[in-house]
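Remarks on the structure that follows.
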Amino acid sequence: MATFQEYIQQNEDRDGVRFSWNVWPSSRLEATRLVVNLACLYTPLKEKPDLPAITYDPVMCTRGNCKAILNPLCQVDYRGKLWLCNFCFQRNPFPPQYAGISELNTPAELHPQFSTIEYTLTRSQTLPPIFLLVVDTCVDEDELMTLKESLQMSLSLLPPNALIGLITFGKMVQVHELGCDGIAKSYVFRGTKDFSAKQVQDMLGLGKVGGAGGGGNIPPGQMGQPGMPGMPGQPGPGMPPGSVGPMGGPMGARGPGGQSVLPPSRFLQPVHKCDMYLTDLLGELQRDPWPVPQGKRPLRSTGSALSIAVGLLECTFPNTGARVMLFAGGACSQGPGMVLNDDLKQPIRSHHDIDKDNAKFMKKAMKHYEALASRACTNGHAIDIYACALDQTGLLEMKSCCNTTGGHLVMGDSFGSSLFKQTFQRVFAKDARNEYKMAFNALMEVKTSRELKVCGTIGPCISMNVKGPNVSETELGIGGTSQWKFCALGTNTTPAVFFEVVNQHGAPIPQGGRGHIQFITQYQHSSGQKRVRVTTIARNWADAVTNLPNITAGFDQEAAAVLMARLAAFRADSDEGPDVLRWLDRMLIRLCQKFGGYSKDDPNSFNIAENFSLYPQFMFHLRRSQFLQVFNNSPDETTFYRHMLNREDLTQALIMVQPILYSYSFHGPPEPVLLDSSSIQPDRILLMDTFFQIVIYHGETIAQWRAAGYQNLPEYENFKQLLQAPVDDAQDILTSRFPMPRYIDTEHGGSQARFLLSKVNPSQTHNNMFTYGGDGGAPVLTDDVSLQVFMEHLKKLAVSSTA
Amino acid sequence: MAFRPGNHDRAWNDPPIFSYQQGALSGDTKPEENVTSSSRKTPLNKRIAFPLSGGISKPTMTVTSPPIGLPPPCITLPISASANLPEVSNDQSSKSTLETREQLDLSLQKISNILHDCLKSYIEAEKQEDFNKRLQHLYTSWKDGKLNADIRQRLTIISESLELKDFVKAENVRVALAVDYTADCASWIMVIKNIITKMETKLSGL
């Protein structure tokens, strides 16, 4: 198995892809018998500092319904200057600029190590990214002050040529004009109403939508060069002389028809031009002035504010990368999208309320935000939500804003928390080349060999409804298309893509013996360049009837676990909880029946290959995770956790499914230990990473030594080092993960120890602590089934001849 | 290393605050801050499989853990070294306080001279008055002792970088300053940003 593990890792490092099966069953029937779907997790913008800079356009297959891109898997006729498309087998001539290629002189895109490659489309210009801040002022003074500080800080982190705008809301919604000298101006909207894009456009005095000079119809050649702001008196290229083109945008003072249109950039200006004005404006922001009567909540018009923000961008900068950044300090309590009313006696809905159909605002609110999300997606605009409050803010209702656009969803307790502040800083994180990690307005397309079809995607994207020849009738996740849009994309964003084998049972192995998949992701880089990332992979076909061991050896249990987790969470959004668990259990039993070795009706004979050995454990922890067990979480928390599961790469998602646990003691170097109550020992420190939390738990003896202060005495320097070791190891995670995890320092008997106790397998509980025997670790007070009991039942069911 | 603890008044289990590092947010510690016995950090990426055959065996590191009440295992230190250490450090700290007091005004003078020259040479006349007013906030805060040593040091580095025309360094330090000490710098940090940008633009011939 070591070889296949290495193969899997190499492929992930090179292409950012992990498949559930790395040897593919050659028939549809056999594929369904494998239980776990043929699917992959793909990270389109995986950080690859070694990628060569390719500044020419990709060469495409000339067949109209193919258009796959030249790649290392294509056969090439160097003499005839032809290449054979590995998807449709069309013979394509090389373009004239490839006249010089030969076996000894091949372009990068034909080299095997560049199965993933990136093209920069130098002839396509885009605008710099746009950031529209939408800020809740119905928060207390301290909250508002720390929020303002974070927003001021972001002005130093934004790309200097990016456009920025500000909308504040409380009972009313205010759209602020930027860069006006003298008195600050803003346009005020009622928070109780919904506004269409046209109404926003009219009320703000913006140009016509889609008409001359108003919308984004100006072809790219007429846009200003990014990085060259339109200085007064200097129009951008293609603009009529004399027109003032503030920030080379598509709008000038005069449209082609000659009519004057007010430049919409009054509300969206380049950061470098308005940074000081905006710093002062933010500094002077006041709390929402409307008095809140006793027993009432403040009237917060989140839905209306978001609607205006989406409308503003829709009519000024359609079809270009933008982020609406919503900062919410509480739930929407009036107007469209309200999730509760202003009566404090009526709390926000819980899971129980939703189950009993007692959430009266929910459906209507969800519809409102879904419609907004859809409009934003059409224009390539992402919506981020930064929600900081001790109570719920309505993330459940607003989830489509982030889940379909790819925007961030950050949940914190307070804008004053370091969790929010540092998470927000990391939105603007840069890679090793000092370029922003965020990308915009991306389209991902999947091409496949004709033996494969695409069933769908689970990830932070929306369908483009492109019904190409490789789109399957079966839908899994967001299906019915071979192309999806990600309005915002990061270096970790990882959609899961599901496939279907369509070869008939008994048909021969396809010619060449390998199936091919190509991912083509066009996106807007933060610098304004348009880039195309192309990943082309191949895997062997095998006949599952005669060659099952070959297929079995290529099983990637980690990928399979994350894919099943996403499928389960996807189902849980619409199906009943117990039904999802039953489905998960059935899949696991079938997998064990298919791939386990056993004698019928003899559970003790059950065994399974090493590359399957962690999978039942993953499923056990998934069943009891917050993704499927909603008890003890609010609907907002469940929404947040599922949102993160559906976008992170494999390593991070797997940590969410089954946390990592390391043990520190005097008796050796730090080592991984079983996520089990037996790992909790008095003389050990445990470090648990759940993705959302870092927990450092001090065993009873360690805690007593720490309380006695031994670490402060010079002769106990080694104890000080032991205490420091997990803190240091956690540091890499704390300083890089997005979002920043909570940090819990606890000890035996501490209340915060519950985070560890709720995750470990409860092999020892109050029911069996005296029968289990001896030094078994700390008992967990639960009636949950332990992994041992789970495995015993699983083995029994798997080997049963009646199951 | 963590810069400050989290805000436990407003948020539970708030993580500690780390100093801002542009580009590489991997949190590499400086060697002198690393107190672990091995300088290598443990990558936290492995899991243990549950044994299919039976129950969980006792932890392999069965420890004869000392009974509660006994101290942890200790190391012995040479006695003479530890006795001398406290005295030496005291002397040094009192010396450094004196030196800092003397140099504070000098540092501020130097910084304000450099910024003043930059304003005069590179900023449009109509903006100079506004920029000067904002910089006065900086100088007043400095004189009133409202800016801590870290901020003062970073400002010194920025002004020295401006003098040497090292705009990349100046901007990097400025961004880190703006992020780590937003509240203290809000009123004047954008002036410095504008100065750096203007100087860079003009000197690179654009």
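Which chain is which? The protein sequence lines are A and B, in order. Once you know that position 371 of the first sequence is 354 in this note's numbering, the rest is easy, because the numbers rise by one and skip nothing. So this note's numbering is basically just the index in the second sequence, starting at one, shifted up by 8. Even for Gly, the Cβ is constructed at its ideal location relative to N, Cα and C.
Item: Extent of the continuous alpha helix (DSSP H) to which arginine 74 of chain A belongs; Value: Premise fails: arginine 74 of chain A lies in the beta strand (DSSP E), 74 to 76, not in any alpha helix (DSSP H).
Item: Contact set for leucine 187 of chain A: own chain, Cβ-Cβ below 6 Å, skip 5 residues either direction; Value: Tyr170
Item: DSSP bridge partner residues for phenylalanine 403 of chain A (one or two, in chain order); Value: None, per the DSSP bridge assignment.
Item: Partner residues on chain A for tryptophan 20 of chain B, Cβ-Cβ distance less than 7 Å; Value: Asp396
Item: Methionine 198 of chain B versus alanine 82 of chain A - alpha carbon distance; Value: 53 Å
Item: Isoleucine 166 of chain A burial status per 10 Å Cβ neighbour count (16 or more: buried); Value: exposed
Item: Start-to-end residues for the beta strand (DSSP E) that takes in lysine 430 of chain A; Value: 422 to 431
Item: Unbroken alpha helix (DSSP H) run spanning proline 599 of chain A, endpoints; Value: 598 to 606
Item: 7 Å CB neighbourhood of phenylalanine 344 of chain A in its chain, flanking five on each side removed; Value: Met321, Val322, Leu323
Item: Alpha-carbon spacing of isoleucine 200 of chain B relative to arginine 607 of chain A, whole angstroms; Value: 53 Å
Item: Selected residue, minimal CA-CA separation from leucine 53 of chain A, among A/Thr519, A/Ser432, A/Thr103; Value: A/Thr519
Item: Cα-Cα separation between glycine 232 of chain A and arginine 737 of chain A, rounded to whole angstroms; Value: The predicted position of glycine 232 of chain A is uncertain, since its pLDDT is 35 and thus under 50; no value can be drawn from it.
Item: Neighbourhood of methionine 602 of chain A by C-beta distance below 6 Å, restricted to the same chain and skipping five residues each side; Value: Leu571
Item: With 16 other Cβ atoms within 10 Å as the buried cut-off, status of alanine 551 of chain A; Value: buried
Item: Interface positions of the region 169 to 196 of chain B facing chain A (Cβ-Cβ less than 7 Å), listed along the chain; Value: Val183, Ala186, Val187, Thr190, Ala191, Ala194
Item: Per DSSP, the bridge partner or partners of glutamine 466 of chain A; Value: A/Glu428
Item: Among B/Pro79, B/Lys177, B/Gln144, nearest to cysteine 193 of chain B - alpha-carbon criterion; Value: B/Gln144
Item: Residue-level contact to chain B via CB, asparagine 475 of chain A, 7 Å cutoff; Value: no
Item: Option in B/Leu170, B/Tyr147, B/Pro80, B/Asp125 with minimal Cα separation from arginine 160 of chain B; Value: B/Tyr147
Item: Under the three-state DSSP convention, the category proline 55 of chain A falls into; Value: coil
Item: Any C-beta of chain A under 7 Å from that of threonine 148 of chain B; Value: no
Item: Counterpart residues of threonine 151 of chain A in DSSP-defined beta bridges; Value: A/Val118, A/Gln157
Item: Chain B contact for phenylalanine 601 of chain A (CB, 7 Å cutoff); Value: no
Item: Local Cβ density within 10 Å of alanine 157 of chain B, reported as buried at 16 or more and exposed below that; Value: exposed
Item: Under 9 Å from the C-beta of glutamine 735 of chain A: neighbouring residues of chain B; Value: Trp20, Asn21
Item: Coarse secondary structure for glutamine -12 of chain A, derived from DSSP in three states; Value: helix
Item: Unbroken stretches of the beta strand (DSSP E), 3 residues or longer, contained in the region 683 to 768 of chain A; Value: 725 to 730
Item: Beta carbon proximity, serine 156 of chain B to chain A, threshold 7 Å; Value: Before going on, a small fix: residue 156 of chain B reads as asparagine here, not serine. Not one chain A Cβ lies under 7 Å of asparagine 156 of chain B.
Item: Within 7 Å, strictly: CB atoms of isoleucine 119 of chain B and serine 167 of chain B; Value: yes
Item: Residue-chain proximity (phenylalanine 70 of chain A, chain B), Cβ-Cβ < 7 Å; Value: no
Item: CA nearest to the CA of arginine 514 of chain A, picked from A/Val0, A/Phe595, A/Leu472; Value: A/Leu472
Item: Neighbour list for leucine 670 of chain A in chain B, Cβ cutoff strictly below 8 Å; Value: Leu52
Item: Member of A/Ile679, A/Gly153, A/Cys371, A/Asn751 whose CA lies at the smallest distance from the CA of glutamate 726 of chain A; Value: Checking the sequence, you will find tyrosine at residue 726 of chain A rather than glutamate. Here the closest residue by C-alpha is A/Ile679.
Item: Cβ-based burial, lysine 420 of chain A [other Cβ within 10 Å; buried from 16]; Value: buried
Item: N-terminal and C-terminal residue of the alpha helix (DSSP H) that methionine 321 of chain A is part of; Value: Looking at the DSSP string, methionine 321 of chain A is not in any alpha helix (DSSP H), and its letter there is neither H nor E.
Item: Residues that histidine 804 of chain A contacts on chain B, provided the C-beta gap is smaller than 7 Å; Value: Outside the modelled stretch of chain A, which goes from -16 to 786, sits residue 804 of chain A, for which no answer is possible.
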